[in-house]
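See structure below.
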Amino acid sequence: MNFIVLANFKSHKNSSEVESWLKTVAPVSTRAIDKVKVLVAPSMIHIPVVSNFLLQNSNLQLCAQDVSPFPAGAYTGAVNAAQLKEYGIKYALIGHTERRRYFHETAVDVANKARELLSVGIIPAICVSREDIEPQFAALDDGIQNDCIYCFEPPADIGGTVAAPADVIEDTLAMIRRYADAPVLYGGSVTPDNIATLLKTSINGVLVATASLDPSHLNQIIETVSHAR
Ligand code: PGA
36 MNFIVLANFK SHKNSSEVES WLKTVAPVST RAIDKVKVLV APSMIHIPVV
86 SNFLLQNSNL QLCAQDVSPF PAGAYTGAVN AAQLKEYGIK YALIGHTERR
136 RYFHETAVDV ANKARELLSV GIIPAICVSR EDIEPQFAAL DDGIQNDCIY
186 CFEPPADIGG TVAAPADVIE DTLAMIRRYA DAPVLYGGSV TPDNIATLLK
236 TSINGVLVAT ASLDPSHLNQ IIETVSHAR
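Just add 35 to the spot in the sequence shown (first one is 1) and you have this note's numbering.
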């Protein structure tokens, strides 16, 4: 599988900023298409904007930032997996540390979300800190672990400029890989300056938030990855 670069906008950008970002990143991701899979996770409300753009530029792929743990039904405010599927969503982040911290999501909630996504053919990208690994895999049903991808994110390293040390990343990847035979991404202060160092570890991709907001920074990351692979 190609190295994954997943851009997580969190709760940033308006629709015209999303459009101009797409126009800047699409040509670079097209050039890198043989080596890098570029995924973009905008706010839910911008999914139609991105989906329309991607009809002409299929080299970028859409990722949701979350999904309802329930199917269609009386769940006010929730967006279910089948609704995401309608917009061509291929992946969905679940269990991000901010969802766990501010929205009090549990490992069981995250497992329910994974099941909902897999039922419509969307790949769950499950975010975990080191502490989340054991309870998260205990909550996931046997047999679906290998159908997900994983993002190791140390909460203390999110939103800065210094990524976790390589030995911590390798050690945590090994913990995750004991439970699942699946791609594992690293996220937390990934920047154009440290991506080359991160590429020396065995990560299968990066989850990038702050640096992804500036399209020229994300393009630098994509280009560094494509030259190294
Ligand atoms: P960061 O965030 O790139 O701003 O550190 C990563 C994330 O929380 O997904």
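Beta carbons are placed, not taken as given, at the ideal position from N, Cα and C, and that holds for glycine.
With 16 other CB atoms within 10 Å as the buried threshold, where does residue 72 fall?
buried
In terms of alpha-carbon separation, which member of 169, 144 and 166 lies closest to residue 159?
Residue 144 is the option with its Cα nearest to residue 159.
Using a Cβ-Cβ cutoff of less than 8 Å, which residues in the same chain neighbour residue 54 once the five nearest sequence positions on both sides are dropped?
84 and 88
What residue range is occupied by the uninterrupted beta strand (DSSP E) comprising residue 110?
Counted as a single uninterrupted DSSP element, the stretch harbouring residue 110 is not any beta strand (DSSP E), since DSSP gives it neither H nor E.
Which residue marks the beginning of the alpha helix (DSSP H) containing residue 254, and which one marks its end?
250-263
Across which residues does DSSP place residue 221 in a beta bridge pair?
Beta-bridge pairing links residue 221 to 187 and 241.
So, with DSSP's three-state summary, where would you put residue 99?
strand
Leaving aside the five residues before and after residue 117 along the sequence, list all residues of the same chain whose C-beta is less than 7 Å from its C-beta, in chain order.
107 and 155
Let me know the secondary structure DSSP gives residue 159 once reduced to three states.
strand
Does the distance from the C-beta atom of residue 181 to that of residue 39 stay below 8 Å?
no
Less than 7 Å between C-beta atoms, sequence neighbours within five positions excluded: which residues of the same chain meet that for residue 207?
165 and 187
Is the Cβ-Cβ distance between residue 226 and residue 201 less than 8 Å?
no
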